[in-house]
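Participant:
2 protein chains.
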Amino acid sequence: METLTVGLLGCGTVGSGVVRLLREHGDDIAARLGARLVLGPVAVRDPGKHRDVDLPLVTDDPRKVVADPDVDIVVEVLGGLEPARSLVLEALEAGKHVVTANKVVMANAGPELAAAARAGGARLEYEAAVAGGVPVIKPMRESLAGDRVRKVLGILNGTTNYILTRMTDDGLPFPAALAEAQRLGYAEADPTADVEGHDAAAKAAILASIAFDARVTPADVHTEGIARITPTDIAHARRMGFVVKLLAIAEEDGGEVTVRVHPALVPHEHPLANVRDAYNAVFVTGDAAGSLMFYGRGAGSLPTASAVVGDVVTVARALLAGERARSRPASEVHTMPAPTLPVRRVRPFETTSVQSYVLLDVVDAPGVLASVAATFGEHAVSIRTVWQEGAGETAQLLLITHAAREGDVRATLADLRALDTVRAVASVIRVEGAEV
Amino acid sequence: METLTVGLLGCGTVGSGVVRLLREHGDDIAARLGARLVLGPVAVRDPGKHRDVDLPLVTDDPRKVVADPDVDIVVEVLGGLEPARSLVLEALEAGKHVVTANKVVMANAGPELAAAARAGGARLEYEAAVAGGVPVIKPMRESLAGDRVRKVLGILNGTTNYILTRMTDDGLPFPAALAEAQRLGYAEADPTADVEGHDAAAKAAILASIAFDARVTPADVHTEGIARITPTDIAHARRMGFVVKLLAIAEEDGGEVTVRVHPALVPHEHPLANVRDAYNAVFVTGDAAGSLMFYGRGAGSLPTASAVVGDVVTVARALLAGERARSRPASEVHTMPAPTLPVRRVRPFETTSVQSYVLLDVVDAPGVLASVAATFGEHAVSIRTVWQEGAGETAQLLLITHAAREGDVRATLADLRALDTVRAVASVIRVEGAEV
Chain A
37 METLTVGLLG
47 CGTVGSGVVR
57 LLREHGDDIA
67 ARLGARLVLG
77 PVAVRDPGKH
87 RDVDLPLVTD
97 DPRKVVADPD
107 VDIVVEVLGG
117 LEPARSLVLE
127 ALEAGKHVVT
137 ANKVVMANAG
147 PELAAAARAG
157 GARLEYEAAV
167 AGGVPVIKPM
177 RESLAGDRVR
187 KVLGILNGTT
197 NYILTRMTDD
207 GLPFPAALAE
217 AQRLGYAEAD
227 PTADVEGHDA
237 AAKAAILASI
247 AFDARVTPAD
257 VHTEGIARIT
267 PTDIAHARRM
277 GFVVKLLAIA
287 EEDGGEVTVR
297 VHPALVPHEH
307 PLANVRDAYN
317 AVFVTGDAAG
327 SLMFYGRGAG
337 SLPTASAVVG
347 DVVTVARALL
357 AGERARSRPA
367 SEVHTMPAPT
377 LPVRRVRPFE
387 TTSVQSYVLL
397 DVVDAPGVLA
407 SVAATFGEHA
417 VSIRTVWQEG
427 AGETAQLLLI
437 THAAREGDVR
447 ATLADLRALD
457 TVRAVASVIR
467 VEGAEV
Chain B
37 METLTVGLLG
47 CGTVGSGVVR
57 LLREHGDDIA
67 ARLGARLVLG
77 PVAVRDPGKH
87 RDVDLPLVTD
97 DPRKVVADPD
107 VDIVVEVLGG
117 LEPARSLVLE
127 ALEAGKHVVT
137 ANKVVMANAG
147 PELAAAARAG
157 GARLEYEAAV
167 AGGVPVIKPM
177 RESLAGDRVR
187 KVLGILNGTT
197 NYILTRMTDD
207 GLPFPAALAE
217 AQRLGYAEAD
227 PTADVEGHDA
237 AAKAAILASI
247 AFDARVTPAD
257 VHTEGIARIT
267 PTDIAHARRM
277 GFVVKLLAIA
287 EEDGGEVTVR
297 VHPALVPHEH
307 PLANVRDAYN
317 AVFVTGDAAG
327 SLMFYGRGAG
337 SLPTASAVVG
347 DVVTVARALL
357 AGERARSRPA
367 SEVHTMPAPT
377 LPVRRVRPFE
387 TTSVQSYVLL
397 DVVDAPGVLA
407 SVAATFGEHA
417 VSIRTVWQEG
427 AGETAQLLLI
437 THAAREGDVR
447 ATLADLRALD
457 TVRAVASVIR
467 VEGAEV
């Protein structure tokens, strides 16, 4: 039986999962593929370190893996921008097929790498870069290739979803829920990238690029984290039929695209509301397909490795079919925006239309509601629901708006802060999925 | 720009959706693909009939479409076994790529057609045959190609899911919910194929074949419908934290496979419990990936057409990459079980282990529970929950078992019917997803 050699860049959590799957499922894969996948050289930082998995050939020089003429497929699971980006680029330029799980590389250098893949006649697959073990990249690129995507809503970060689930179920404040997530290994010692939304923003940039044939980088993504969400917000949300989720949102409007990551109130009956704990999900709305959702484990050694090895099999099939030798790669639709597609403008968040939940600490006096309502009215922000809570020192006014321009909502908030009757704007959280 | 011609067999609900998408999304598809998809000849039963869509070239002889040398890709949306099966076979034998939305053809003749595709060097794609617009075939064949699937749970029939949702939400009995579904166009005048589970069984056979590299036909699928489900069952289920769903279940156990379609109690917190109305969903458990779910519209003109056109784009890419000319098709993993894979035995339902909900009409007298419990015990069926309801003429005993051999449960039921204390076995419904 023919063999194909897989070279591995990195052997941490995901890499060791890849090694395990190539071994343990090797016979099944060989039967499905008609060829055997063999693990070739593995580049690691410290070749002397003890590992749970046996590695046939270890090097501390990743360039040796990329340059090895026996390596048919390069798998990059180093994480971070460099040296991962340069190594992937080198491999593609040499016409080597690459599978990567690296969201940072794909979000920041996707179009550049896609161009190198096209030029080199190579394939670049990256299913594991978004939502770990959940197939979402390939379904969006392939199954929806004849459709027109209008909106993508994603729960793309398991750490924050776990924290919000604990806050919702057990009434924990954010710091306690974060501490529990850290204790259980769901959150890192430095949780910034997760809780501030940066991890989700990189994945949102990748999804938006695919969904809308746009060039979206993390810098284009308006990003807010969950650190300011309080048990009070969650309790209010629940009473009104919502749960709080950190959402990645990409939508198309008049040929332009907006991409943002922020906490949002999601109606109880929305499929995303039931995505709990460390699970991920991507909810896609297509013109023809309607509403679709992809759900599963967004992280972890084996789930992520499953997506990586799925990509390796895809690439191996292409190799066996002689795709490397062809003059015109079939990968145009596979890679990030094809050069023939118009570049779409990424629109600033201020000009996007959103619903908002606003919680105000107010003076408990007659005329408060009138002055607050008038302020919303002045900025043409229309109110859907009002709820008054408490009295005296604890009087609160809770409002949900209809969809309104984000910029107008911000101007409203600035004016509300200046009112004598408003002691503070306690919370502002957007509402998503309520008008679907 | 290069063009590829799509020949269409059938122009009913799905076919006219395909024509619309090829037209309305034609420019987007061309930009993504680097080639233009052109609608060629369309075979219809009555060429004189008025249609909402304009067709360039109509014939009442489908063989003309298959034999047309200008047709690059044949799309089969006729439905039913013949002449669809023969036409697909002819096309594949002639080396023509085929996209079909036909569950009956794929469930009954999948392996035969896959062999013809391999022999002809052609591709056979059938994403729309299961769960309409939801990408599930390709994710299972490709993204999970490096994993090992253990179990598949699917809500694969929108009609019955709509009926069960109405029965659950509004307390309607089955005939009233069916009548409403018929009035709204969710159920056909003759609803047999849907309500008796035959439609779901064909789709279950296809999914099981892919998931377990097995040869499963609809005849291998133990099939029960929903006509006997009562509002009482649904109310009891709800009280115990379950909803009633018609599930397609395929699982692997010791190298063998069981496939079945029947109503089942699903715990409220299971992702499938929230799949409402006419939506479909497939919940897959893989060794490495863990739990995955794919959710969306399982039927309808445009959702199904979206999946068909997605397949057409996939096939077009392969064509443009010169895949037709290659000596060794890459389609082994794409098609139904590869010839190199061991054939797995499909095990009869009687030998499968399941949890059951059993509702008994009992005599309201001392010792009833003891005699019932003893009967379960004699067959080694262990009881998880018991609930006594009503008194006198309406006394009922409601039991949920632990997982037990289906054959043992049936033997228990036969013995229960013979007890003086048991007036009738009112309902038996299996329980799924509770021990995950």
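Protein sequence lines, in the order shown, are assigned to chains A and B.
The working numbering numbers the first residue of the first sequence as 37 and each following residue consecutively.
The working numbering numbers the first residue of the second sequence as 37 and each following residue consecutively.
Think of the CB as a built atom: it goes at the ideal place given N, C-alpha and C, for glycine as much as any other residue.
Anything in chain B within Cβ reach of Thr350 of chain A, meaning under 9 Å, just list it in chain order.
Facilitator: Glu178, Ser179, Ala181 and Val369
Participant: Should His86 of chain B be listed as close to the ligand GDP, given that the test is whether its C-beta is under 6 Å from any heavy atom?
Facilitator: Absence of the ligand GDP is noted for the structure shown, with no ligands found whatsoever.
Participant: Please determine if the stretch 96 to 114 of chain A and the stretch 124 to 144 of chain A are in contact, where contact requires at least 3 C-beta pairs separated by less than 8 Å.
Facilitator: yes
Participant: For a quick check, are the C-beta atoms of Ala273 of chain A and Gly194 of chain A less than 7 Å apart?
Facilitator: no
Participant: Closest by CA to Asp444 of chain A, which one among A:Leu433, A:Val408, A:Glu386 and A:Leu435?
Facilitator: For Asp444 of chain A, the closest alpha carbon among the candidates A:Leu433, A:Val408, A:Glu386 and A:Leu435 is that of A:Glu386.
Participant: For Asn473 of chain A, would you say it is in contact with chain B, using Cβ-to-Cβ distances shorter than 7 Å as the test?
Facilitator: The requested residue 473 of chain A is not part of the displayed model; chain A covers only 37 to 472.
Participant: Looking at the unbroken beta strand (DSSP E) that takes in Ala462 of chain B, where does it start and where does it end?
Facilitator: Start and end: Val458 to Val467.
Participant: Starting from Ala223 of chain B, follow the beta strand (DSSP E) in both directions and report where the run begins and ends.
Facilitator: Ala223 of chain B -> no beta strand (DSSP E), and no H or E assigned at all.
Participant: Compare the C-beta of Val134 of chain B against all C-beta atoms of chain A and say whether one is closer than 7 Å.
Facilitator: no
Participant: Does the stretch 209 to 226 of chain A come close enough to the stretch 244 to 252 of chain A that 3 or more CB-CB pairs lie under 8 Å?
Facilitator: Short answer: they don't touch.
Participant: Residues of chain B with CB under 7 Å from Val170 of chain A, in chain order?
Facilitator: Leu328
Participant: Measure the alpha-carbon distance for Val166 of chain A versus Met176 of chain A and round it to whole angstroms.
Facilitator: 12 Å
Participant: Which stretch, first to last residue, makes up the alpha helix (DSSP H) that contains Lys239 of chain B?
Facilitator: Unbroken alpha helix (DSSP H) run through Lys239 of chain B: His234 to Phe248.
Participant: Could you give the uninterrupted runs of the beta strand (DSSP E) lying entirely in the stretch 259 to 308 of chain A, keeping only those of 3 residues or more?
Facilitator: 278 to 289 and 292 to 303
Participant: For Lys85 of chain A, return the contacting residues in chain B, with the cut-off set at a CB-CB distance below 7 Å.
Facilitator: Residues of chain B passing the Cβ test: none, with the nearest at roughly 24 Å.
Participant: Can you give the Cα-Cα distance for Asn138 of chain A and Leu44 of chain A, rounded to whole angstroms?
Facilitator: 13 Å
Participant: Can you tell which of B:Pro77, B:Thr228, B:Lys100 and B:Ala240 has the C-alpha that lies nearest to the C-alpha of Gly146 of chain B?
Facilitator: Answer by Cα proximity: B:Ala240.
Participant: Please list the partners that Ser342 of chain A has in chain E, where partner means a Cβ-to-Cβ separation under 9 Å.
Facilitator: The structure shown contains no chain E; the protein chains it does contain are A and B.
Participant: Is Leu58 of chain A helix, strand or coil by DSSP?
Facilitator: Three-state result, Leu58 of chain A: helix.
Participant: For the beta strand (DSSP E) holding Ser179 of chain B, just list the boundary residues, first then last.
Facilitator: From DSSP, Ser179 of chain B is part of no beta strand (DSSP E); its letter is neither H nor E.
Participant: For Ile191 of chain B and Val297 of chain B, I'd like the C-alpha separation in whole angstroms.
Facilitator: 10 Å
Participant: List, in chain order, every chain B residue whose beta-carbon is nearer than 9 Å to that of Glu292 of chain A.
Facilitator: Here the premise fails: no neighbours, minimum Cβ distance about 16 Å.
Participant: Which residues mark the beginning and the end of the beta strand (DSSP E) in which Asp397 of chain A is found?
Facilitator: Ser389 to Val398
Participant: To the nearest angstrom, report how far apart Thr437 of chain A and Ala79 of chain A are at their CA atoms.
Facilitator: 53 Å
Participant: Just mark Ala225 of chain A as buried or exposed, buried being the case when its beta carbon has 16 or more other beta carbons within 10 Å.
Facilitator: exposed
Participant: Going by beta carbon distance, what residues of the same chain come within less than 7 Å of Pro303 of chain A, once the five residues before and after it are set aside?
Facilitator: Gly277, Phe278, Ala309, Gly469 and Ala470
Participant: At a cut of 8 Å, does the stretch 457 to 468 of chain A reach the stretch 314 to 334 of chain B through at least three beta carbon pairs?
Facilitator: no
Participant: Which of the three DSSP states is assigned to Tyr162 of chain B in this structure?
Facilitator: coil
Participant: Count the other CB atoms within 10 Å of the CB of Asp63 of chain B; is the residue buried (16 or more) or exposed (fewer)?
Facilitator: Taking a 10 Å sphere around the C-beta of Asp63 of chain B, we find fewer than 16 other C-beta atoms and assign the residue as exposed.
Participant: If the cut is a Cβ gap below 9 Å, which residues of chain B does Gly346 of chain A touch?
Facilitator: Pro175, Glu178, Ser179, Leu180, Ala181, Gly182, Asp183 and Ala325
Participant: Output yes if chain B places a C-beta closer than 7 Å to the C-beta of His298 of chain A; else output no.
Facilitator: no
Participant: Taking the alpha-carbon of Val257 of chain A as reference, which of A:Asp235, A:Ile199, A:Glu178 and A:Val295 has the nearest alpha-carbon?
Facilitator: Restricting attention to A:Asp235, A:Ile199, A:Glu178 and A:Val295, the CA atom closest to the CA of Val257 of chain A is found in A:Val295.
Participant: Taking only beta-carbon positions, decide if Ile65 of chain B is within less than 7 Å of chain A.
Facilitator: yes
Participant: For the alpha helix (DSSP H) that Glu414 of chain B lies in, which residues bound it at each end?
Facilitator: Val404 to Glu414
Participant: Please state whether DSSP places Pro77 of chain A in a helix, a strand or coil.
Facilitator: Reduced to three states, the DSSP call for Pro77 of chain A is strand.
Participant: Measure how close the beta-carbons of Ile285 of chain B and Phe210 of chain B come, nearest whole angstrom, since I'm counting them as under 8 Å.
Facilitator: With 8 Å as the limit, Ile285 of chain B and Phe210 of chain B do not qualify as a contact, their Cβ atoms being about 21 Å apart.
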